[in-house]
Amino acid sequence: MISRSYVLRAFVESPWAILPSTLAVLDEIVTRHVYGEKLEAEEIQARIGGGSSRPTGRRVHNVAILPLFGTIVGRGNMMTDVSGASSAERFAADFDALVKDPEIGAIVIDVDSPGGQVRGIEELARQIYDARGSKPIVSIANHSMASAAYWIGSAADEIVVTPSGEVGSIGVLGVHRDISGAEARDGVKTTVISQGKYKTEANQFEPLSEEARAALQARIDEIYEQFVEAVARNRGVEIETVRSGFGEGRMVSARKAVEMGMADRVDTLNGTLSRLLGTSEFATKTIRAENLENQVASSAPLSDLAHQAKRLRDYVQIHK
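The sequence shown finishes on residue 320 if you use my numbering, and the numbering steps up by one all the way, no holes.
Written out as structure tokens, the structure is:
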């Protein structure tokens with residue numbers, strides 16, 4: 001009971017920047033898992049989205065496409081293993097490699113995510129923001145860029161939303177579960193023994209005190225302010241504009257998002273790639289060479305980039 005309760009508390013009471021409906025599903029899945037009901041990976045994927053494995057990036061000529069799919073967690077865990085969720089830590093490493101790769105002319109962050117945990121999100125957003133100017137960085141809501149995903153995506157040079165896509169859900173939430181009533185019905189009584197005034201504050205075996213509620217709310221408020229300030233920085237607007245003019249926690253449709261300044265344009269992923277390729281000198285050379293398609297695939301997993309880059313480099317060198 002103690003280990004299970006610890007896992008539940010650590011998961012549920014962590015601050016989240018996520019669609020509330022997704023958090024409710026995650027809560028149910030983790031609760032069932034912790035209490036012995038092992039769900040199949042396919043069922044988890046069907047409930048919360050994501051793929052059967054970690055999504056891989058690909059490259060179209062010299063434009064890298066880096067996916068940010070599913071629920072976002074700070075580091076890899078059960079959710080990334082079985083649901084195809086995204087790890088902020090892994091994403092940061094992949095992004096850093098692309099920024100440093102001289103063969104990459106632009107980066108497209110392909111986003112379809114309800115958001116996730118807040119741990120590591122501002123660090124990742126700042127990393128993307130600081131990379132501005134090194135090469136074009138575009139994030140695309142394809143089709144959902146919600147909450148923590150918008151926090152991250154807003155750090156790009158430009159935000160694109162697909163015609164049916166949505167962005168927003170700027171807000172933070174947390175959940176406290178009081179199981180004391182359920183234990184009483186089952187004839188169970190848990191006694192918490194601790195040292196330190198606030199060590200067991202907001203534990204799930206006792207009703208939430210007003211003091212504990214206030215402390216949790218203060219933490220949520222603090223993270224929300226960090227979220228709002230980051231989006232204001234990323235979008236170049238006033239903090240109050242984000243707080244009261246960027247949906248106030250709601251998701252916003254593509255056209256409305258552009259009107260409100262939450263995004264820059266409505267376009268498809270292919271349209272975005274075509275636009276980026278058309279402004280890239282290196283990519284233009286490769287596109288003009290009609291027989292290049294017979295020599296090098298137009299897209300490949302990131303694991304093949306070194307080999308593909310060499311062939312492209314050799315070909316362009318010969319045909320200068």
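Here a beta-carbon is modelled for each residue, glycine too, at the ideal position from N, C-alpha and C. From a predicted model like this one, the values you see are computed outputs, not experimental measurements.
Sub-8 Å separation of Leu66 and Gly57 beta-carbons: For Leu66 and Gly57, yes; Cβs fall inside 8 Å.
Per-residue DSSP class, three states only, for Ser244: It is helical.
Where Val138 sits in the DSSP three-state scheme: Note: Val138 maps to strand in three-state DSSP.
Residues near Ser147 in its chain [Cβ-Cβ closer than 6 Å; skip 5 each side]: Non-local beta-carbon contacts of Ser147 in its own chain, meaning distances under 6 Å to residues more than five positions away in sequence, involve Ala17, Ile18, Gly115 and Ser169 in chain order.
Own chain partners of Ala131 with C-beta closer than 7 Å, once the 5 adjacent residues on each side are dropped: Counting only residues of its own chain and dropping the five nearest sequence neighbours on each side, Ala131 has a CB closer than 7 Å to the CB of Val99 and Ile137.
Residues sharing a beta bridge with Ile18, DSSP: Looking at the DSSP assignment, Ile18 forms a beta bridge with Gly115.
Where Gln217 falls, given that 16 or more other Cβ within 10 Å makes a residue buried: Classified as exposed, Gln217 has fewer than 16 neighbouring CB atoms from the shown chains inside 10 Å of its CB.
Where the alpha helix (DSSP H) containing Met262 begins and where it ends: Looking at the DSSP string, Met262 is not in any alpha helix (DSSP H), and its letter there is neither H nor E.
Bridge-paired residues (DSSP) for Gly174: Gly174 pairs with nothing; no bridge assigned.
Collapsed DSSP secondary structure at Val160 in the structure displayed: Looking at Val160 - three-state DSSP - the assignment turns out to be strand.
Cβ shell of Ala155 (< 6 Å), same chain only, five flanking positions each side left out: Contacts found: Ala125, Ile128, Tyr129 and Asn234.
Three-way DSSP call (helix, strand, coil) for Gln205 in this model: The identity of residue 205 in the sequence shown is Phe, whereas the question assumes Gln. Phe205 falls in the coil class under three-state DSSP.
Nearest-angstrom Cβ-Cβ length linking Asp110 and Leu68, presumed shorter than 8 Å: Going by Cβ atoms, the distance from Asp110 to Leu68 rounds to 7 Å, so yes, they are a contact pair.
Proximity to Asn142 [Cα-Cα], best of Ile121, Gly120, Glu166 and Gly133: Nearest to Asn142 by C-alpha distance, out of Ile121, Gly120, Glu166 and Gly133, is Glu166.
Closest Cα partner of Ser253 within the set Ile179, Pro163 and Thr191: Checked all of Ile179, Pro163 and Thr191; the closest Cα to Ser253 is Pro163.
Beta-carbon proximity check, Val160 vs Ala263, cutoff 8 Å: Yes; because the gap between Cβ atoms is below 8 Å, this pair is in contact.
Own chain partners of Pro15 with C-beta closer than 7 Å, once the 5 adjacent residues on each side are dropped: Cβ within range, chain order: Val118, Val172, Gly174, Arg219, Ile220 and Ile223.
Inter-residue spacing [alpha-carbon to alpha-carbon] between Gly181 and Val108: Spanning the two alpha carbons is a distance of roughly 49 Å.
Reduced DSSP secondary structure (H/G/I, E/B, other) of Ala110: Checking the displayed sequence, the identity of residue 110 turns out to be Asp instead of Ala. In the three-state scheme derived from DSSP, where H, G and I count as helix and E and B as strand, Asp110 is classed as strand.
According to DSSP, residues forming a beta bridge with Ala146: Beta-bridge pairing by DSSP links Ala146 to Gly168.
Under 8 Å between C-beta atoms of Asp96 and Ser144: No, the pair does not count as a contact, with Cβ atoms beyond the cut-off.
Sheet register partners of Phe69 (DSSP bridge): DSSP, once it has assigned bridges, lists Asp112 as partnering Phe69.
For Val321, three-class secondary structure by DSSP: Only positions 1 to 320 of the chain appear in this structure, which leaves residue 321 out of reach.
Beta carbon of Glu158 nearer than 8 Å to that of Ala230: Cβ atoms of Glu158 and Ala230: not closer than 8 Å.
Coarse secondary structure for Val252, derived from DSSP in three states: The answer is strand: DSSP assigns Val252 an E or B state.
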